Amino acid sequence: MTTVALIPDVSQEISHKSRWQILKNALLVLLVLIFAGHLFIYLTFGINLIQFPFDYDQAEGMELNNAILIADGKCPYCDNDTFPFYASGYPPFYHVVMVPFVWIFGPEYWYGRLIVFVGTLVTAGAIRWAVQHQTRHKTVGLIAGLAFLASNYVYHIAPLLRQHLFMVMLETLAVVLVTVAHEYPDAEKHKRRRLLILGCVLLVAAGYTKQLAYATVVAVFLWMFLRNPRRAIIYSVGVIVAAGAIFAILYLITDGYWYTNIIASNVNPFVPGQFSGLMKQYLRLHWSILMLAGLMVAYELYFTRLSLYSMWFLAATANTALAGKWGAGDSYFVTSLAAACILAGIFVAKTLQGDWEFPENYLTRLLGFLKKPLANNRPLITHTAGFVSLGLVLIYSLTVIKLPTSGPIFGKLSDTLGVEPKFGHRYPLYDSAGWTVGYAVTGHFTSDEDEANGWKIVDRIRHTEGLVISEDAGFTIQAGREVITNGVQLKNLYEQGKYDPTELITMLENHEFGLIVLRAGFYPPPILETIYDAYAVTEAIPMNGFNYELWTPSPTWNERRALRDYLKSANPDTESFAVQFNISENEEVNIWLQQQMNRWGWQPENLPEPMENACVDYPFIRQNRRAILHICHTATGDGMQQLEIEVSPPSPY
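Throughout, the numbering used here is defined as the position within the sequence shown, counted from one, plus 223.
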C-alpha cells in the first residue's frame with residue numbers, strides 16, 4: 224500500500240524536475256545564442272576598425288604618438304609652452320606596451336587597437352572564469368563574460384586605440400587574482416603570496432594606464448584590511464612605494480611637467496547634466512544586470528561576508544561620478560559593469576543550483592514565520608527564482624541591441640529586418656542606447672570613402688611647405704611629419720592656468736605653419752582666435768562624419784594685423800592709419816567687420832547696419848577707448864570686394 228501510494232508522488236516530482244530542467248536548459252541555450260550574436264557583431268566591428276589607418280575617435284592619434292615618442296626616447300610629458308607644444312594627460316603604461324610594435328612595424332593604428340580589443344576579450348574571459356570558479360557553473364560563467372561584451376558601452380569603445388578598456392582588463396585580472404589568493408590556507412601561503420604580488424603589480428600597471436584605477440586600488444586594500452589588517456598594510460605599502468617611486472622618477476626627469484600633465488590637466492569642470500544623463504542611460508541599459516548584482520551584494524552583506532567583487536562593484540559604481548567631468552564619458556562606467564557581471568553571474572548560478580544558505584541572525588529570526596512555508600515549497604521557489612534570474616538576463620540581452628546598417632553583411636541584414644539608425648543619428652548604426660552628452664558616437668563601420676578622404680588630407684600635408692598642425696594626429700603621422708600640439712590637453716592646461724600660448728600664437732601670426740587641419744576646434748580660445756584671424760579655410764574634406772577644415776595662411780593677414788596693432792597701441796598724437804585689402808563679395812561687410820573686431824576685443828557702439836552707401840563710419844568701443852573706422856568698399860569684378868579702411872587714433876570714452 225505504502226509503496227503504491229508513493230509511486231505517483233515520485234513520478235510527479237520527477238516530471239516537475241524534468242520540465243524545469245528542459246526549460247532551464249532552453250533558456251540557457253537561448254541566452255548563449257543571443258549573446259553569441261552580440262559577440263559576432265562586436266568581433267566584426269573590431270576587425271573593421273582595426274584596419275582603419277586614421278583617427279576614428281578623437282585623440283586616438285595622440286595615444287599612438289605617445290608610443291612613438293617613447294619608442295624614440297623622447298618625452299610626451301615635457302614643457303608644453305615651447306615647440307612642439309605637445310601635452311599628454313594619461314600615464315604611459317599602455318603606450319609602453321605599444322613600443323615594441325612601433326619598433327617592429329613603425330607607426331600604425333592596428334596594433335594599438337588590437338591590444339585593447341584582445342584585452343577586452345581577456346576581461347570577458349576573466350569574468351567567465353571568476354563566475355565558474357565561484358559556482359562551478361560553466362554555462363552561466365560563459366553568459367556572464369558574454370554579457371560584458373554585449374554592452375553598448377563596451378561594444379563601441381573596446382576596439383579603439385584608447386587605454387580605458389586596457390585599464391579595465393588589468394583591474395579585473397588584479398581583483399580576480401587577489402580574490403583567489405585569499406582562498407589559500409596558511410599551509411599554502413607561498414601560493415597566496417605569489418598571487419598577491421602579481422595582483423599588486425597589475426594594480427600599479429592599471430594606475431599607470433589611467434588614473435581612474437585608483438578606485439579599484441582602494442577597494443582591494445579596504446577589503447584586504449577587513450580580512451587581514453596586517454597583510455593589507457604590508458601589500459599596500461609595497462604598492463604605494465612602487466607607484467610613488469615611479470611617480471618621483473618621472474617627475475624628476477620631466478622637470479615637474481609630469482605632474483602638470485597627469486594631474487593638473489585632468490582637473491576639469493563638473494557638468495551635472497552630463498553625469499545625470501549618462502547615469503540614466505547606464506541604468507536604462509543595464510538595470511537587470513545591476514539588479515542581480517545588487518541582490519548579490521545584499522545577500523553577502525546580511526548573510527555571509529562581503530566579497531572583493533562586491534566591494535569592487537560598490538567602489539567602481541561610486542567612482543562613476545567622475546563621468547560628469549568635461550571630457551569624460553560612458554567609458555567611466557565599464558569597471559562598474561565588469562564587477563556587476565561577475566556578481567550577477569554568481570547570483571544566477573547560485574539561484575539555479577539552489578545554493579543559498581541563510582545562517583541564523585536577526586533577519587532570519589525576524590522572518591522566522593516564513594521558514595516552514597519556504598521549506599515546504601523549496602523546489603517551486605528555487606525553480607521560480609532561477610527562471611526569474613534568467614529572465615532578467617534575457618531582458619538585458621534584448622535591451623543592449625546594436626546593429627551596424629552598412630557593409631556587405633549588416634547592410635543587407637538591416638534592410639531585411641527594416642532596421643535603421645534612430646532619428647538624428649548621423650552614422651549607419653542602430654544603437655538602443657540613444658545619445659546623451661558624454662556618450663561616444665562610435666560603433667559604425669568605416670567606409671572606403673572615409674579611408675580615401677583620409678589619404679587626401681595626408682596628401683595635402685605632404686605637399687605643404689612649412690610646419691603643419693592637425694587636430695587629429697593621424698594625418699601628420701601618416702605623412703611622416705612631427706605631431707605639433709595636442710589641442711584638448713592644451714585647452715585643459717590653459718583653463719587651469721598651466722599653459723602659456725604666447726609662443727604658439729606668435730608662430731601662428733608669423734605664418735610659420737603652412738597648413739592647419741581642424742575637426743572640432745578643441746584648442747585654447749586664444750589659439751583658435753588666432754587661427755581664425757591669420758588663416759583661411761581653403762578646403763573641407765569629409766571623413767567619418769566630420770568635415771575636416773584645411774586652413775592655410777590668409778593673404779590679407781598682414782594688413783589686418785597692422786590694423787589690429789594700430790588700434791591696440793596708437794596714442795592721440797599718432798597719425799591716422801589706412802589699409803586696404805580684399806574679401807569675398809559674399810561677405811556682408813558689417814557682419815564681417817563686427818566678427819573681426821570682436822576677436823580683437825572691440826565691441827560695436829551701435830549694432831553695425833548694412834552698407835547702403837559706398838562709405839560708412841562704424842564706431843567701436845574697447846574698455847575706455849573709442850575708435851571710428853571709415854570703410855569704403857568697391858566690387859572688383861572677380862568675386863571679391865575691396866575694403867579701404869581709415870581710422871584715426873582711438874579717443875577716450
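Don't be surprised by glycine CBs; every beta carbon is placed ideally from N, CA and C. None of the values given here were measured: they were computed from a predicted structure.
Legend entry - Opening and closing residue of the alpha helix (DSSP H) in which Gln864 lies: In the sequence shown, counting from the first residue as 1, residue 864 sits at position 641. No alpha helix (DSSP H) holds Gln864; the beta strand (DSSP E) holding it covers 863 to 870.
Inset, instruction - Note down the Cα distance separating Ala572 from Asn715, rounded to an integer number of angstroms. - result: To locate residue 572, count along the sequence shown from 1; it is residue 349. To locate residue 715, count along the sequence shown from 1; it is residue 492. Approximately 46 Å, taken between the alpha carbons.
Inset, instruction - In angstroms with no decimal places, state the Cα-to-Cα distance between Ala373 and Ser533. - result: The sequence position of residue 373 within the sequence shown is 150, counting from 1. The sequence position of residue 533 within the sequence shown is 310, counting from 1. Going from the Cα of Ala373 to the Cα of Ser533 covers about 22 Å.
Legend entry - C-beta contact flag for Trp823 and Arg787 at 8 Å: Locating residue 823 in the sequence shown gives position 600, where the first residue counts as 1. Locating residue 787 in the sequence shown gives position 564, where the first residue counts as 1. Yes, the pair counts as a contact, with Cβ atoms nearer than the cut-off.
Inset, instruction - Inspect the beta-carbon positions of Glu735 and Gly689 and report whether they are closer than 8 Å. - result: As a position in the sequence shown, residue 735 is number 512, starting the count at 1. As a position in the sequence shown, residue 689 is number 466, starting the count at 1. Yes, these two residues count as a Cβ contact at 8 Å.
Inset, instruction - Would you mind stating whether Trp353 and Val399 have Cβ atoms separated by less than 8 Å? - result: Taking the sequence shown and counting its residues from 1, the one referred to as residue 353 is at position 130. Taking the sequence shown and counting its residues from 1, the one referred to as residue 399 is at position 176. Sequence inspection shows Ala at residue 353; the Trp mentioned does not correspond to that position. Contact: yes.
Legend entry - N- and C-terminal bounds of the alpha helix (DSSP H) containing Trp878: Because residue 878 is not part of the residues shown, which for the chain are 224 to 876, the question remains open.
Legend entry - Cβ-Cβ separation, Leu254 to Ser511 (assumed contact under 8 Å), whole Å: As a working note, residue 511 is residue 288 in the sequence shown. As a working note, residue 254 is residue 31 in the sequence shown. The C-beta distance from Ser511 to Leu254 rounds to 12 Å, too long to fall under 8 Å, and the pair is not in contact.
Legend entry - Enclosing alpha helix (DSSP H) for Trp774 [first to last residue]: Taking the sequence shown and counting its residues from 1, the one referred to as residue 774 is at position 551. Taken as a continuous stretch (DSSP letters only), Trp774 belongs to no alpha helix (DSSP H), being part of the beta strand (DSSP E) at 769 to 776.
Inset, instruction - Report whether the distance from the Cβ of Trp326 to the nearest heavy atom of the ligand COA is below 7 Å. - result: What this structure holds is no ligand at all, so the ligand COA is not there to describe.
Inset, instruction - Within the same chain, show all residues whose beta-carbon is closer than 7 Å to that of Ile739, passing over the 5 residues directly before and after it, in chain order. - result: For this step, residue 739 is matched to residue 516 along the sequence shown. Apart from the 5 residues on each side of it in sequence, Ile739 sits with its Cβ closer than 7 Å to the Cβ of Ile692, Ile754, Tyr758, Trp774 in its chain, given in chain order.
Legend entry - Between the CA atoms of Thr574 and Gly903 - distance to the nearest angstrom: Shown here, the chain extends from 224 to 876; a query on residue 903 therefore has no answer.
Inset, instruction - Using the DSSP secondary-structure output, state which residues sit across from Asn805 in a beta bridge. - result: Along the sequence shown, read from residue 1 onward, the residue named residue 805 stands at position 582. Residue pairing of Asn805 in beta bridges, as defined by DSSP: Gln865.
Inset, instruction - Could you tell me whether the Cβ atoms of Gly500 and Tyr650 are closer together than 8 Å? - result: By 1-based counting over the sequence shown, the position of residue 500 is 277. By 1-based counting over the sequence shown, the position of residue 650 is 427. Using a Cβ distance threshold of 8 Å, Gly500 and Tyr650 do not count as a contacting pair.
Inset, instruction - From the DSSP output, in three-state form, read off Glu286 for me. - result: Against the sequence shown, residue 286 aligns to sequence position 63. DSSP places Glu286 in helix when its eight states are reduced to three.
Legend entry - Cut-off 7 Å between Cβ atoms - residues of its own chain near Thr346, not counting five sequence neighbours on either side: For the purposes of this step, residue 346 is taken as the residue at position 123 of the sequence shown. Within the same chain, Thr346 has close Cβ partners Phe371, Val391, Met392, Thr395, Ala561.
Legend entry - Reduced DSSP secondary structure (H/G/I, E/B, other) of Ala858: Position 635 of the sequence shown, counting from 1, holds the residue named residue 858. Collapsing the DSSP output to three states places Ala858 in a strand.
Inset, instruction - Verify whether the separation of the beta carbon atoms of Val660 and Gln497 is less than 8 Å. - result: In the sequence shown, residue 660 corresponds to position 437, counting from 1. In the sequence shown, residue 497 corresponds to position 274, counting from 1. Pairing Val660 with Gln497 gives a Cβ-Cβ distance under 8 Å.
Inset, instruction - Let me know the secondary structure DSSP gives Leu369 once reduced to three states. - result: Along the sequence shown, read from residue 1 onward, the residue named residue 369 stands at position 146. The three-state reading of DSSP puts Leu369 in helix, counting H, G and I together.
Inset, instruction - Can you tell me which of the three DSSP states Leu529 falls into? - result: Here the question's residue 529 lines up with position 306 in the sequence shown. Assignment of Leu529 by DSSP, reduced to helix, strand and coil, places it in the coil class.
Legend entry - Residues that Tyr653 bridges to, as DSSP identifies them: Translated into positions along the sequence shown, residue 653 becomes position 430. Beta-bridge pairing links Tyr653 to Leu626.
Legend entry - Which of helix, strand or coil DSSP assigns to Gly260: Against the sequence shown, residue 260 aligns to sequence position 37. Reduced to three states, the DSSP call for Gly260 is helix.
Inset, instruction - Output the boundary residues of the alpha helix (DSSP H) element that contains Cys838. - result: Within the sequence shown, residue 838 is the residue found at index 615, counting from 1. Secondary structure note for Cys838: it is in no alpha helix (DSSP H), and the uninterrupted beta strand (DSSP E) holding it is 838 to 845.
Legend entry - Other residues of its chain near Pro330: CB distance less than 6 Å, five sequence neighbours each side excluded: Within the sequence shown, numbered from 1, the residue matching residue 330 stands at position 107. Exclusion of the five residues before and after Pro330 leaves Ile291, Ile700 as the residues of its chain whose Cβ lies within less than 6 Å of its Cβ.
Inset, instruction - Compare the Cα-Cα distances from Thr609 to each of Asp578, Val462, Val623 and report the closest residue. - result: In the sequence shown, counting from the first residue as 1, residue 609 sits at position 386. It should be noted that the sequence gives Gly, not Thr, for residue 609. Minimum Cα distance to Gly609 is reached at Asp578.
Legend entry - Short Cβ contact (8 Å threshold) for Glu283 with Arg351: Working through the sequence shown from its first residue, we reach residue 283 at position 60. Working through the sequence shown from its first residue, we reach residue 351 at position 128. No. Outside cutoff.
Inset, instruction - Classify Ser637 as buried or exposed, calling it buried when 16 or more other Cβ atoms lie within 10 Å of its own Cβ. - result: Taking the sequence shown and counting its residues from 1, the one referred to as residue 637 is at position 414. Around the Cβ of Ser637, a 10 Å sphere holds 16 or more other Cβ atoms; the residue is buried.
Legend entry - Check whether Lys179 and Phe493 have beta carbons under 8 Å apart: With the chain running from 224 to 876 in the structure shown, residue 179 is simply not present.
Inset, instruction - Mind reading off the beta-carbon distance from Gly862 to Ser807? Whole number of angstroms is fine, and I expect it under 8 Å. - result: On the sequence shown, residue 862 is found 639 positions in, with the first residue counted as 1. On the sequence shown, residue 807 is found 584 positions in, with the first residue counted as 1. Your pair Gly862 and Ser807 checks out as a contact, with CB atoms roughly 7 Å apart and the cut at 8 Å.
Legend entry - Inter-stretch contact (C-beta, 8 Å, three-pair minimum) for the stretch 300 to 316 and the stretch 478 to 485: Because the criterion of three Cβ pairs below 8 Å is met, the stretch 300 to 316 and the stretch 478 to 485 touch.
Inset, instruction - Return the residue from the list Phe570, Gly634, Phe448 that minimises the CA-CA distance to Ser612. - result: To locate residue 612, count along the sequence shown from 1; it is residue 389. Distance from the Cα of Ser612 is smallest, within the candidate group Phe570, Gly634, Phe448, for Phe570.
Legend entry - Val427 vs Ala466 beta-carbon contact at 8 Å: Taking the sequence shown and counting its residues from 1, one reaches residue 427 at position 204. Taking the sequence shown and counting its residues from 1, one reaches residue 466 at position 243. The answer is yes: Cβ separation under 8 Å.
Legend entry - Nearest-angstrom beta carbon gap, Cys301 and Tyr474 [assumed within contact, 8 Å]: In the sequence shown, residue 474 corresponds to position 251, counting from 1. In the sequence shown, residue 301 corresponds to position 78, counting from 1. That pair is no contact at about 12 Å.
Legend entry - Val233 classed as buried or exposed, judged by whether at least 16 other C-beta atoms fall within 10 angstroms: Indexing the sequence shown from 1 puts residue 233 at position 10. With a pLDDT of 48 at Val233, under the threshold of 50, the modelled position of that residue is not reliable, and no figure is offered here.
Legend entry - Through-space distance from Pro748 to Asp756, alpha-carbon basis: The residue given as residue 756 occupies position 533 in the sequence shown. The residue given as residue 748 occupies position 525 in the sequence shown. If I take the Cα positions, the gap works out to 12 Å.
Inset, instruction - Quick one: residues in its chain with C-beta nearer than 8 Å to the C-beta of Thr225, no 5 flanking neighbours on either side, listed in chain order? - result: As a working mapping, residue 225 is identified with position 2 in the sequence shown. Since pLDDT at Thr225 reaches only 41, below the 50 mark, its modelled position is unreliable, and no value is offered.
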